[in-house]
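S.K.: Heads up: the protein sequence lines correspond to chains C and S, in order. When you line the first sequence up against our numbering, it's residues 1 to 262, in that order. When you line the second sequence up against our numbering, it's residues 1001 to 1262, in that order.
There are 2 protein chains.
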Amino acid sequence: MKYKLISYQSPNDDFPPLLKKFNYIQPLAEEEILALMKLHQYSTIIDKETVFLEQGEVRNKSFIVMEGWAYRYSSLESGNQQIINYYLPGDVISPFALVMPKVSYSVATTSSRLQVCVFEPDVLIELFSIYPRLAILYGWMLGREDASMAEQVIRLGRHSAYKRTAHLLLELFHRLKVIGINDENTFHAPLTQQLLADTLGLSLVHINRTLKKLQKENLINISAKEIWLLDITKLKQIAEYRIYYLDEIKKLNTANIPSLAA
Amino acid sequence: MKYKLISYQSPNDDFPPLLKKFNYIQPLAEEEILALMKLHQYSTIIDKETVFLEQGEVRNKSFIVMEGWAYRYSSLESGNQQIINYYLPGDVISPFALVMPKVSYSVATTSSRLQVCVFEPDVLIELFSIYPRLAILYGWMLGREDASMAEQVIRLGRHSAYKRTAHLLLELFHRLKVIGINDENTFHAPLTQQLLADTLGLSLVHINRTLKKLQKENLINISAKEIWLLDITKLKQIAEYRIYYLDEIKKLNTANIPSLAA
DNA sequence: TTTCGACTATATCTTATGAAATACAAATTA
DNA sequence: TAATTTGTATTTCATAAGATATAGTCGAAA
């Protein structure tokens, strides 16, 4: 795979999504920004609907999503697949590549192409030793991903199809909001109903039924690749949506951490 | 909460489970062992069937499970709960406490009491800066937990009750095997059928049906708190069990990591 | 403009799983 | 020892979701 060198000369340029995300919880220092830009030197584009990492292969690189979506999944003998989680702009694919170079689950692109930046994960060690706060932010990101997967478990385990669907749409909406790429109550989702079904553990027919129901009740509206959440308050009620990890991220305060006070 | 000081004078003592786990993938150096023992200075005991951490509370401590089981869960308005994951001996509860002091999901003990060691998560920063390989091992542990949750998503999303049950039992069995506290094909599980139901997104009645079916087919056997896996090969076939992260952990090799070669 | 393929929509029938009720068995407590 | 609680076992019935089939829709290619 060939990687193109991209140029972000100054931090005055529009921040890449990972920095937007970090900056959202805590303003970054000039030098931290420059350090993070080192992870953004090489970019590549993956075609839509393409398997990008295959379960079992060895690839000791990490990737930052710049544009487009990807998903991690597992294929089953039945021919079905289960989507484990989505990677949206600002998310890191294979954040543990340093210690787990063997890919545990395949990663593929959705119905839009994907632009990622590639970095050698051992650069992180150097980065963290110079800027310990970046280690904190990276850890915070991992904690967020953990919480996001926990929500996926709760959806699949104890929510009805109806609740699941509302819940997932709300979560995607809020994750996109943090990196500031959606409007008031609408977002662009490069997904098919088949992918939604594989995410929520439903059949294609049933996700269709459920989306139609939500539409008929004027809770959502779906066009080509755009999704409107028409009544977020009511959707939240239906979905029992109360995600801590997204609402309270502004509270990160490194002053409490002795080893970073100096 | 009061913590009792515990004493492990020399590494010749029997390793605590976290060290057993680390040592299983890579032999630890004498000084690394001593460093890790700093995380094991204070221990406490939590009664069985007790909520240990409550969703929303602030508790910037991490805990290492020494003995007994705990689980992380979410309570729903319906009165149901969904178990997200289990903490077995050697697992760390709140591994991200440093950056996420607000507890996202409640943690409770199962039907046996729990012994944990408590440590200040910012000790990790110091530890990792002196012994970078410990950072690698910690990261490996996080990667493993991520994979374990991914398996939970797959079970809930695309497996039948029958498959789910077989799969979970196999995973618990293998996780316990790493820390060496089970026999050939049996393990002690301080679980009720209600907890299993809440883990696998099933009703109490249905998990009972399913367990009975597995027993009738001579695949498992359950007594008081002991579970036998009578035909692991067949169970693996049924469950489509092929967990990378557990089978291939011996392969961790830090020689490949430039920044740790020196 | 037609054809093609991918996605969405809907109906019909089937089945896995849930809910409610009840019995039993074992462990705790009085 | 009886009384109470807690967990397991099983039945009967209801229903959410799956499977299969078929048709509409829409954009891309030709």
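Backbone N, C-alpha and C fix where the C-beta goes; we use that ideal spot for every residue, glycine too.
Could you please tell me which residues of the segment 145–167 of chain C, in chain order, have their CB closer than 9 angstroms to any CB of chain S?
M.R.: E145, D146, A147, M149, A150, E151, Q152, V153, I154, R155, L156, G157, R158 and H159
S.K.: Anything in chain C within Cβ reach of I1136 (chain S), meaning under 8 angstroms, just list it in chain order.
M.R.: Counting from 1 along the second sequence, the entry for residue 1136 (chain S) is found at position 136. The answer, in chain order, is L98 and V99.
S.K.: So Y241 (chain C) and H167 (chain C) are supposed to be a Cβ contact under 8 angstroms. How far apart are they, rounded?
M.R.: Looking up residue 241 (chain C) in the first sequence gives position 241. Looking up residue 167 (chain C) in the first sequence gives position 167. Their Cβ separation, rounded to whole angstroms, is 6 angstroms, which keeps Y241 (chain C) and H167 (chain C) in contact under 8 angstroms.
S.K.: Taking 9 angstroms as the CB-CB limit, is L1018 (chain S) close to chain C?
M.R.: Residue numbering aside, residue 1018 (chain S) sits at position 18 when the second sequence is read from its first letter. So no, L1018 (chain S) is outside the interface.
S.K.: Name the DSSP beta bridge partners of Y105 (chain C), please?
M.R.: Within the first sequence, residue 105 (chain C) is the residue found at index 105, counting from 1. Answer is none; Y105 (chain C) lacks a bridge partner.
S.K.: Considering only the beta carbon of each residue, do K234 (chain C) and S112 (chain C) sit closer than 9 angstroms?
M.R.: For this step, residue 234 (chain C) is matched to residue 234 along the first sequence. For this step, residue 112 (chain C) is matched to residue 112 along the first sequence. Their beta carbons are not under 9 angstroms apart, which means K234 (chain C) does not touch S112 (chain C) by this criterion.
S.K.: Going by DSSP in three states, M1149 (chain S) sits in which element: helix, strand or coil?
M.R.: Here residue 1149 (chain S) corresponds to residue number 149 of the second sequence, with the count starting at 1. Of the three classes helix, strand and coil, the one that applies to M1149 (chain S) here is helix, per DSSP.
S.K.: Residues of chain C with a CB under 8 angstroms from the CB of L1142 (chain S): which are they?
M.R.: Against the second sequence, residue 1142 (chain S) aligns to sequence position 142. Result: F96 and L142.
S.K.: Please list, in chain order, the chain S residues whose beta carbon lies closer than 8 angstroms to that of P132 (chain C).
M.R.: Taking the first sequence and counting its residues from 1, one reaches residue 132 (chain C) at position 132. Result: I1125.
S.K.: Since F1128 (chain S) is in the alpha helix (DSSP H), which residue starts that stretch and which ends it?
M.R.: Taking the second sequence and counting its residues from 1, one reaches residue 1128 (chain S) at position 128. It spans V1123 to I1130 - the alpha helix (DSSP H) in which F1128 (chain S) sits, taken as one unbroken run.
S.K.: Listing by chain order, which chain S residues have their CB less than 7 angstroms from the CB of G139 (chain C)?
M.R.: As a first step, residue 139 (chain C) is located in the first sequence; it is residue number 139 there, counting from the start. For G139 (chain C), the chain S residues whose C-beta falls within less than 7 angstroms of its own C-beta are F1096, L1098 and V1099, listed in chain order.
S.K.: Under 8 angstroms between beta-carbons, which chain C residues line up against Q1082 (chain S)? List them in chain order, please.
M.R.: Start at 1 with the first residue of the second sequence, and residue 1082 (chain S) comes out as number 82. What Q1082 (chain S) touches in chain C: V153, I154, G157 and R158.
S.K.: Taking the alpha helix (DSSP H) that T199 (chain C) belongs to, which residues open and close that run?
M.R.: As a position in the first sequence, residue 199 (chain C) is number 199, starting the count at 1. Per DSSP, T199 (chain C) belongs to the alpha helix (DSSP H) from Q193 to L200.
S.K.: Quick check: is the beta carbon of L235 (chain C) nearer than 9 angstroms to any beta carbon in chain S?
M.R.: On the first sequence, position 235 is the one that residue 235 (chain C) refers to. Not one chain S Cβ lies under 9 angstroms of L235 (chain C).
S.K.: Cβ of L1076 (chain S) less than 9 angstroms from any chain C Cβ?
M.R.: As a position in the second sequence, residue 1076 (chain S) is number 76, starting the count at 1. It does; some Cβ of chain C falls within 9 angstroms.
S.K.: Would you call Q237 (chain C) buried or exposed, if buried means 16 or more other Cβ atoms sit within 10 Å of its Cβ?
M.R.: For this step, residue 237 (chain C) is matched to residue 237 along the first sequence. It is exposed - the Cβ of Q237 (chain C) has fewer than 16 other Cβ atoms within 10 Å.
S.K.: The beta strand (DSSP E) with R1072 (chain S) in it runs from where to where?
M.R.: Translated into positions along the second sequence, residue 1072 (chain S) becomes position 72. Its beta strand (DSSP E) spans residues A1070 to S1075.
S.K.: Residues of chain C with CB under 7 angstroms from E1171 (chain S), in chain order?
M.R.: Here residue 1171 (chain S) is taken as the residue at index 171 of the second sequence, counted from 1. The premise fails here: E1171 (chain S) is roughly 14 angstroms from chain C at the closest Cβ pair, so nothing lies under 7 angstroms.
S.K.: With burial defined as no fewer than 16 other Cβ atoms inside 10 Å of the residue's Cβ, what is the status of G1180 (chain S): buried or exposed?
M.R.: Along the second sequence, one-based indexing puts residue 1180 (chain S) at 180. Result: exposed.
S.K.: Can you give me the Cβ contacts of V1065 (chain S) inside the same chain, cut-off strictly under 8 angstroms, excluding the 5 residues immediately before and after it?
M.R.: The residue you call residue 1065 (chain S) lines up with position 65 of the second sequence. Excluding sequence neighbours, V1065 (chain S) sits near P1017, Y1087, L1088, P1089, G1090, D1091, V1092, I1093, L1114, Q1115 and V1116.
S.K.: Confirm, please, whether the CB-CB distance from A239 (chain C) to K163 (chain C) is below 9 angstroms.
M.R.: Locating residue 163 (chain C) in the first sequence gives position 163, where the first residue counts as 1. Locating residue 239 (chain C) in the first sequence gives position 239, where the first residue counts as 1. Yes, Cβ-Cβ distance for K163 (chain C) and A239 (chain C) is below 9 angstroms.
S.K.: Let's see if you can read the secondary structure: which residues bound the beta strand (DSSP E) around L1036 (chain S)?
M.R.: Within the second sequence, numbered from 1, the residue matching residue 1036 (chain S) stands at position 36. Annotation for L1036 (chain S): no beta strand (DSSP E) segment contains it, though the alpha helix (DSSP H) segment containing it runs E1030 to M1037.
S.K.: Looking at T186 (chain C): is its Cβ nearer than 9 angstroms to the Cβ of I227 (chain C)?
M.R.: Here the question's residue 186 (chain C) lines up with position 186 in the first sequence. Here the question's residue 227 (chain C) lines up with position 227 in the first sequence. Yes, Cβ-Cβ distance for T186 (chain C) and I227 (chain C) is below 9 angstroms.
S.K.: Going by beta carbon distance, what residues of the same chain come within less than 8 angstroms of N1218 (chain S), once the five residues before and after it are set aside?
M.R.: One-based indexing of the second sequence puts residue 1218 (chain S) at position 218. Correct list, in chain order: L1230 and D1231.
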